[in-house]
Structure formats: structure tokens, C-alpha cells
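First the structure, in the form of C-alpha cells, and then the observations on it.
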Amino acid sequence: MLALVATLILAILVLQNSASVSLRFLTWHVDMSLAVLVFITGIAGILVGLGLGGLLLSKRP
1 MLALVATLIL AILVLQNSAS VSLRFLTWHV DMSLAVLVFI TGIAGILVGL
51 GLGGLLLSKR P
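The end of the sequence shown is residue 61 by the UniProt record's numbering, with every number in the run present.
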């Protein structure tokens with residue numbers, strides 16, 4: 001829950017700054033706004049956290 005609140009606060013702060021980010025990995029190149037990058041990172045973090053939490057709960061005896 002704390003991560004969700006922190007992500008929302010960070011997204012609001014970033015939305016005020018419309019900077020552009022250039023991502024390069026091997027031959028892959030994409031330009032996107034910083035707000036979109038923070039949003040994608042937050043959603044990915046939430047999904048990974050939920051997935052790992054589900055795995056931990058399913059492994060309990």
C-alpha cells in the first residue's frame with residue numbers, strides 16, 4: 001500500500017515536469033515522457049509485488 005501511495009505522489013510530481021526520456025537497449029530505442037516511464041514502472045512494480053505475494057501465499061503449508 002505504501003508503494004502505491006509513493007508511486008502516485010511521484011507520478012503527480014513528475015506530471016508537473018514534462019521532461020522526455022530516451023531509452024536505449026541494444027538495438028531497441030524509444031522516446032517517452034518521464035510521466036509515462038514512472039507510471040509504467042509503478043504498474044510493473046505493483047504487478048510483480050502481487051505476483052510474488054501470491055507465490056508466497058501458495059507455498060505455505
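Cβ coordinates follow ideal geometry from the N, Cα and C atoms, glycine included.
What does a CB cutoff of less than 8 Å around residue i pick up in its chain, not counting 5 residues either side in sequence?
{"i": "residue 21", "result": "31, 32, 33, 34 and 37"}
{"i": "residue 54", "result": "none"}
How long is the line joining the alpha carbons of residue i and residue j, rounded to whole angstroms?
{"i": "residue 47", "j": "residue 56", "result": "14 Å"}
{"i": "residue 13", "j": "residue 23", "result": "21 Å"}
{"i": "residue 28", "j": "residue 59", "result": "37 Å"}
{"i": "residue 10", "j": "residue 25", "result": "25 Å"}
In this structure, how does DSSP classify residue i when only helix, strand and coil are distinguished?
{"i": "residue 26", "result": "coil"}
Got a sec? Which residues, its chain only, sit under 6 Å from residue i by beta carbon, not counting five neighbours each side?
{"i": "residue 7", "result": "42"}
{"i": "residue 51", "result": "none"}
I think residue i touches residue j, with their Cβ atoms under 8 Å apart; what is that distance to the nearest whole Å?
{"i": "residue 3", "j": "residue 45", "result": "6 Å"}
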